[in-house]
Amino acid sequence: MNNLFVYCEIEDGIIADVSLELLTKGRSLANELKCQLEAVIIGTSLKEVEKQVLPYGVDKLHIFDAPGLYPYTSLPHTSILVKLFKEEQPQIALMGATVIGRDLGPRVSSALTSGLTADCTSLEIGDYEEKKDNKIYKNLLYQIRPAFGGNIVATIVNPDHRPQMATVREGVMKKQIINTEYKGKVVRHEVKDFVTDADFVVKVIERHVEKSKNNLKGSPIIISGGYGVGSKDNFKLLFDLAKVINAEVGASRAAVDAGYADHDRQIGQTGVTVRPKLYIACGISGQIQHIAGMQESAIIISINNDPNAPINAIADYVINGTVEQVIPKMIKYYKQNSK
Amino acid sequence: MNMNYKIIVLAKQVPDTRNVGKDAMKADGTVNRAALSAIFNPEDLNALEQALRIKEKNPGSTVYMLTMGPGRAADIIREGLFRGADGGYLLTDRAFAGADTLATSYALAMAIRKIGHFDLIIGGRQAIDGDTAQVGPQVAEKLGLTQITYAEEIKSIENGRITVTRHIPGGVETVEGPLPIVVTVNGSAASCRPRNAKMVMKYKHARTVTEKQQGNLDYTDLYATHDYLNLEEWSVADVKGDLAQCGLAGSPTKVKSIQNIVFQTKESKTISDSNKDIEGLIVELLANHTIG
Chain A
1 MNNLFVYCEI
11 EDGIIADVSL
21 ELLTKGRSLA
31 NELKCQLEAV
41 IIGTSLKEVE
51 KQVLPYGVDK
61 LHIFDAPGLY
71 PYTSLPHTSI
81 LVKLFKEEQP
91 QIALMGATVI
101 GRDLGPRVSS
111 ALTSGLTADC
121 TSLEIGDYEE
131 KKDNKIYKNL
141 LYQIRPAFGG
151 NIVATIVNPD
161 HRPQMATVRE
171 GVMKKQIINT
181 EYKGKVVRHE
191 VKDFVTDADF
201 VVKVIERHVE
211 KSKNNLKGSP
221 IIISGGYGVG
231 SKDNFKLLFD
241 LAKVINAEVG
251 ASRAAVDAGY
261 ADHDRQIGQT
271 GVTVRPKLYI
281 ACGISGQIQH
291 IAGMQESAII
301 ISINNDPNAP
311 INAIADYVIN
321 GTVEQVIPKM
331 IKYYKQNSK
Chain B
1001 MNMNYKIIVL
1011 AKQVPDTRNV
1021 GKDAMKADGT
1031 VNRAALSAIF
1041 NPEDLNALEQ
1051 ALRIKEKNPG
1061 STVYMLTMGP
1071 GRAADIIREG
1081 LFRGADGGYL
1091 LTDRAFAGAD
1101 TLATSYALAM
1111 AIRKIGHFDL
1121 IIGGRQAIDG
1131 DTAQVGPQVA
1141 EKLGLTQITY
1151 AEEIKSIENG
1161 RITVTRHIPG
1171 GVETVEGPLP
1181 IVVTVNGSAA
1191 SCRPRNAKMV
1201 MKYKHARTVT
1211 EKQQGNLDYT
1221 DLYATHDYLN
1231 LEEWSVADVK
1241 GDLAQCGLAG
1251 SPTKVKSIQN
1261 IVFQTKESKT
1271 ISDSNKDIEG
1281 LIVELLANHT
1291 IG
């Protein structure tokens, strides 16, 4: 009872990265709270899913496996979580801030009249003082998220209602296996005790999913372009350099809006969060919404002809110049000096 | 066979957080709302367009705006009317202030119950001042309806079923659900049509009760003879709301603190775009195995 629950998303039999990131975070929060970590997987024909999640330190895994539970639709997954949470009384429930998590979380929180904080980028445990009643709440979940279009960061708490629910952005937390032999209990639930036929009113008629064309999240080197790159043609220079040094190409929102790059390459608060070994920002001024998505890169190089571009403040190296001038030289000198 | 559908569009007036100037943040790190202009939440316009398309294809259908906010949020209803909506409701009361998404959804659900019959409730996926995407699903849950979120396009609506394409990671999905239903629409869906000049002429004097009391009274007769210019304005009592579930009191989540975003600045090394400098940098990155 009163444990920490993580709802795990599954696509093609593979648990989503964001869910594994949450299990990792959930494990450390559970240690701090001295409670157990429990995971929930809902789907169809689930095979060996326990091997994917238990190594993250899951003490108890709840499996719901029945026809019609994959692909995801709102009502069956809601019914399962609502009933499970009523029985198990978790103190915290986490899910990814994904298309599924942002569809499911609010519904579950409404049914349980608990609070939900969307799109968190950080979670901590701490106390909260309600000044009005002079009441101190111990060990609440601090749900930390950007607010107001990313211009401020708010810390939200949920003093009186349980579970404390949050959706968390993909890529902002690290995933880490703690023990490949971790012994957790696996419970296979009787799905018909949780859902009714009426829950299956929405039918998925057609579904086209393609694997992401890029590997921004996993690439150790990212070359990213902003509006300052100037044109789609100039953007090709970024791809040229990427090919030579084996990197992936990203973009700022301004570059995507201008049509220089595809939407799935967008890095920032709306887009992917990355933390590569090397981040080369080309013609990116450095709106906070962009910086929030790449600030944890180990080394940052900014190529910009504006010496006052805000991104320069967080860069390790600033190259004063234009993309057209600098990138061909980088390619040339890389070829000359490598090996 | 064409059917008449009654559609309710959920729309919010929001500060324009996408165009934040230097004076938008106060020294204490809080938002200076006065420095931001109030706009029609962008994705709610995408939702309005989907509603108006259903109305066009199914003559006799009606589109009503529902918004919650201060008195000036009546602008949202007028904007809807200018683009083809048939009427609207403003939910306004001090008791609604400070509402989180749950208390907001409760208030909207109570207003929708008062409106009574409807086939479709449609709104933007999320509002740009909160970016939570929670209100749509929570309204659906409170009304006991199912939902389709992240909609790109309503493909068809017939025989009590609605077919919608929705955006999912790496692709699209077509789903079909029963009416009545709640749908939330993505910003990548079709843009909203512009104002219609005739509608602007027709509705430019549309006012709520409060606005009529505050404004000049030259047009008093107009409102008596042209009922479509009277915009509905509802309080907590009008929608039979439970005060304990409204506003700050009805909000499980509390804001503990708000901070300015401060990034760790680094001591950076600035170099020129000369051959020598760039070669030096590349050699350094190769030497410490950052690249290569």
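So the protein lines, in turn, are chains A and B.
If you read the first sequence in the numbering used here, its first letter stands for residue 1, the second for the next number, and so on.
If you read the second sequence in the numbering used here, its first letter stands for residue 1001, the second for the next number, and so on.
All C-beta atoms in this analysis are idealised placements derived from N, C-alpha and C, irrespective of residue type, glycine included.
None of these values were measured; they are calculated from a predicted model.
Nearest-angstrom Cα separation, counted from residue 1261 (chain B) out to residue 1129 (chain B) = Taking the first residue of the second sequence as position 1, residue 1129 (chain B) is located at position 129. Taking the first residue of the second sequence as position 1, residue 1261 (chain B) is located at position 261. For residue 1129 (chain B) and residue 1261 (chain B), the gap between their C-alpha atoms comes out near 16 Å.
message = Run through chain A and tell me which residues come within less than 8 Å of residue 1050 (chain B), C-beta to C-beta.
response = The residue given as residue 1050 (chain B) occupies position 50 in the second sequence. Listed by position along chain A, the residues whose Cβ is nearer than 8 Å to that of residue 1050 (chain B) form an empty set, because the closest Cβ is around 18 Å away.
ask   = Rounded to a whole number of angstroms, what is the C-alpha to C-alpha distance between residue 1082 (chain B) and residue 1011 (chain B)?
value = The sequence position of residue 1082 (chain B) within the second sequence is 82, counting from 1. The sequence position of residue 1011 (chain B) within the second sequence is 11, counting from 1. Between residue 1082 (chain B) and residue 1011 (chain B), the C-alpha separation is close to 14 Å.
task = Out of A:328, A:102, A:261, A:306, state which residue places its alpha-carbon closest to the alpha-carbon of residue 1274 (chain B).
result = Against the second sequence, residue 1274 (chain B) aligns to sequence position 274. It is A:328.
key: Members of the segment 1134-1146 of chain B near chain A, C-beta cut-off 8 Å   = Per Cβ criterion, the list reads 1134, 1135, 1136, 1137, 1138, 1140, 1141, 1142, 1146.
message = Check whether chain B comes within 8 Å of residue 293 (chain A), counting only Cβ atoms and requiring the distance to be less than that.
response = The residue labelled residue 293 (chain A) in the question sits at position 293 within the first sequence. Cβ-Cβ to chain B under 8 Å: no for residue 293 (chain A).
request  = Starting from the beta carbon of residue 1257 (chain B), find every residue of chain A whose beta carbon is closer than 8 Å, and list them in chain order.
outcome  = By one-based count along the second sequence, residue 1257 (chain B) stands at place 257. Going along chain A in sequence order, the residues near residue 1257 (chain B) (Cβ under 8 Å) are 154, 155.
key: Assumed close pair residue 215 (chain A), residue 264 (chain A) - CB separation to whole angstroms, cut-off 8 Å   = One-based indexing of the first sequence puts residue 215 (chain A) at position 215. One-based indexing of the first sequence puts residue 264 (chain A) at position 264. Residue 215 (chain A) to residue 264 (chain A), Cβ: 11 Å. No contact.
request  = List the residues that DSSP assigns as beta-bridge partners of residue 320 (chain A).
outcome  = Stepping through the first sequence from its first residue, residue 320 (chain A) is reached at position 320. A:304, per the DSSP bridge assignment.
ask   = For the ligand FAD, is there a heavy atom less than 7 Å away from the beta-carbon of residue 1266 (chain B)?
value = The ligand content of the structure shown is nil, which means the ligand FAD is not present either.
query = Which runs of the beta strand (DSSP E) fall wholly inside the segment 1138-1218 of chain B and span at least 3 residues, in chain order?
reply = Here the runs fully enclosed are 1147-1158, 1161-1168, 1171-1178, 1181-1185.
inquiry  = Pull the bridge partners of residue 1262 (chain B) from the DSSP assignment, please.
reply    = Numbered from 1 along the second sequence, position 262 holds the residue referred to as residue 1262 (chain B). The partner list for residue 1262 (chain B) (beta bridge, DSSP) is empty, contrary to what the question assumes.
message = Could you check whether the Cβ of residue 134 (chain A) sits closer than 8 Å to any Cβ belonging to chain B?
response = As a position in the first sequence, residue 134 (chain A) is number 134, starting the count at 1. By this cut-off, residue 134 (chain A) is not an interface position.
message = According to DSSP, simplified to helix, strand and coil, what is residue 1122 (chain B)?
response = Taking the first residue of the second sequence as position 1, residue 1122 (chain B) is located at position 122. Secondary structure at residue 1122 (chain B): strand, using DSSP grouped into helix, strand and coil.
ask   = By DSSP, does residue 146 (chain A) sit in helix, in strand, or in coil?
value = For the purposes of this step, residue 146 (chain A) is identified with residue 146 of the first sequence, where counting begins at 1. The three-state secondary structure of residue 146 (chain A), taken from DSSP, is strand.
request  = Assuming residue 140 (chain A) and residue 164 (chain A) form a contact by the criterion Cβ under 8 Å, report the distance between their Cβ atoms to the nearest whole angstrom.
outcome  = Start at 1 with the first residue of the first sequence, and residue 140 (chain A) comes out as number 140. Start at 1 with the first residue of the first sequence, and residue 164 (chain A) comes out as number 164. The beta-carbon separation of residue 140 (chain A) and residue 164 (chain A), rounded to 7 Å, stays under the 8 Å limit for a contact.
ask   = Out of curiosity, what's the CA-to-CA distance linking residue 217 (chain A) and residue 256 (chain A)?
value = Residue numbering aside, residue 217 (chain A) sits at position 217 when the first sequence is read from its first letter. Residue numbering aside, residue 256 (chain A) sits at position 256 when the first sequence is read from its first letter. Their Cα atoms are separated by approximately 18 Å.
ask   = Between residue 1122 (chain B) and residue 1139 (chain B), is the Cβ-Cβ spacing less than 8 Å?
value = Counting from 1 along the second sequence, the entry for residue 1122 (chain B) is found at position 122. Counting from 1 along the second sequence, the entry for residue 1139 (chain B) is found at position 139. No, these two residues do not count as a Cβ contact at 8 Å.
ask   = How would you call residue 1158 (chain B), buried or exposed, if buried means at least 16 neighbouring beta carbons within 10 angstroms?
value = Walking along the second sequence from the start, residue 1158 (chain B) turns up at place 158. Around the beta-carbon of residue 1158 (chain B), fewer than 16 other beta-carbon atoms lie within 10 Å, marking it exposed.
task = Select from the segment 1258-1269 of chain B all residues with a C-beta closer than 8 Å to any C-beta belonging to chain A, and list them in chain order.
result = Along the segment 1258-1269 of chain B, the positions whose C-beta sits under 8 Å from a C-beta of chain A are 1258, 1259, 1260, 1261, 1263, 1264, 1265, 1266, 1268, 1269, read in chain order.
message = What are the residues in the segment 1178-1212 of chain B lying within 7 Å of chain A by C-beta distance?
response = Listed in chain order, the positions of the segment 1178-1212 of chain B with a beta carbon within less than 7 Å of a beta carbon of chain A are 1178.
key: DSSP beta-bridge partners of residue 279 (chain A)   = As a working note, residue 279 (chain A) is residue 279 in the first sequence. DSSP, once it has assigned bridges, lists A:222, A:300 as partnering residue 279 (chain A).
task = Give me whichever residues DSSP pairs with residue 1133 (chain B) in a beta bridge.
result = As a first step, residue 1133 (chain B) is located in the second sequence; it is residue number 133 there, counting from the start. According to DSSP, residue 1133 (chain B) bridges with nothing at all.
message = Counting only beta-carbon separations shorter than 8 Å, does residue 313 (chain A) have a partner in chain B?
response = Against the first sequence, residue 313 (chain A) aligns to sequence position 313. With 8 Å as the cut-off, residue 313 (chain A) counts as an interface residue toward chain B.
inquiry  = For a quick check, are the C-beta atoms of residue 1229 (chain B) and residue 1205 (chain B) less than 8 Å apart?
reply    = As a position in the second sequence, residue 1229 (chain B) is number 229, starting the count at 1. As a position in the second sequence, residue 1205 (chain B) is number 205, starting the count at 1. For the 8 Å CB-CB criterion, residue 1229 (chain B) and residue 1205 (chain B) form a contact.
ask   = What does residue 43 (chain A) reach in chain B if we use C-beta pairs closer than 8 Å?
value = On the first sequence, residue 43 (chain A) is found 43 positions in, with the first residue counted as 1. Those do not exist, as residue 43 (chain A) stays about 15 Å from chain B at its closest Cβ, beyond 8 Å.
key: First through last residue of the alpha helix (DSSP H) which encompasses residue 68 (chain A)   = Reading the first sequence from its first residue, position 68 is the one you call residue 68 (chain A). Where residue 68 (chain A) is concerned, there is no enclosing alpha helix (DSSP H), given that its DSSP letter is neither H nor E.
task = With a floor of 3 residues, list each beta strand (DSSP E) that falls wholly inside the segment 222-260 of chain A, ordered by position along the chain.
result = As far as the segment 222-260 of chain A is concerned, its whole beta strand (DSSP E) runs of at least 3 residues are 248-251.
key: Every unbroken alpha helix (DSSP H) within the segment 1216-1244 of chain B, with a cutoff of 4 residues, ordered by chain   = Scanning the segment 1216-1244 of chain B from its first residue to its last, the whole alpha helix (DSSP H) runs of 4-plus residues come out as 1220-1225.
request  = Please report the residue range of the beta strand (DSSP E) in which residue 121 (chain A) lies.
outcome  = Along the first sequence, one-based indexing puts residue 121 (chain A) at 121. Taken as a continuous stretch (DSSP letters only), residue 121 (chain A) belongs to no beta strand (DSSP E), as it is neither H nor E.
query = Taking C-beta to C-beta, are residue 101 (chain A) and residue 167 (chain A) nearer than 8 Å?
reply = In the first sequence, the residue the question calls residue 101 (chain A) occupies position 101. In the first sequence, the residue the question calls residue 167 (chain A) occupies position 167. Residue 101 (chain A) is a Cβ neighbour of residue 167 (chain A), given a cutoff of 8 Å.
query = Would residue 1292 (chain B) pass as a contact of residue 28 (chain A) if the rule is Cβ separation under 8 Å?
reply = For the purposes of this step, residue 1292 (chain B) is taken as residue 292 along the second sequence, with counting starting at 1. For the purposes of this step, residue 28 (chain A) is taken as residue 28 along the first sequence, with counting starting at 1. No, they are not a contact pair.
message = In the DSSP output, what is residue 207 (chain A) paired with across the bridge?
response = What you label residue 207 (chain A) is simply residue 207 of the first sequence in a count that begins at 1. B:1173.
query = Taking any Cβ of chain B, which residues in the segment 204-237 of chain A have a Cβ under 8 Å from it, in chain order?
reply = Going along the segment 204-237 of chain A in chain order, one finds 204, 205, 206, 207, 208, 209, 210, 211, 212, 221 with a Cβ nearer than 8 Å to chain B.
query = Under 7 Å Cβ-Cβ, which residues of chain B neighbour residue 330 (chain A)?
reply = Within the first sequence, numbered from 1, the residue matching residue 330 (chain A) stands at position 330. Ordered by position in chain B, the residues that pass the 7 Å Cβ test against residue 330 (chain A) are 1278, 1282.
inquiry  = So residue 221 (chain A) and residue 246 (chain A) are supposed to be a Cβ contact under 8 Å. How far apart are they, rounded?
reply    = The count along the first sequence starts at 1 and reaches residue 221 (chain A) at position 221. The count along the first sequence starts at 1 and reaches residue 246 (chain A) at position 246. Correct: roughly 7 Å between the Cβ atoms.
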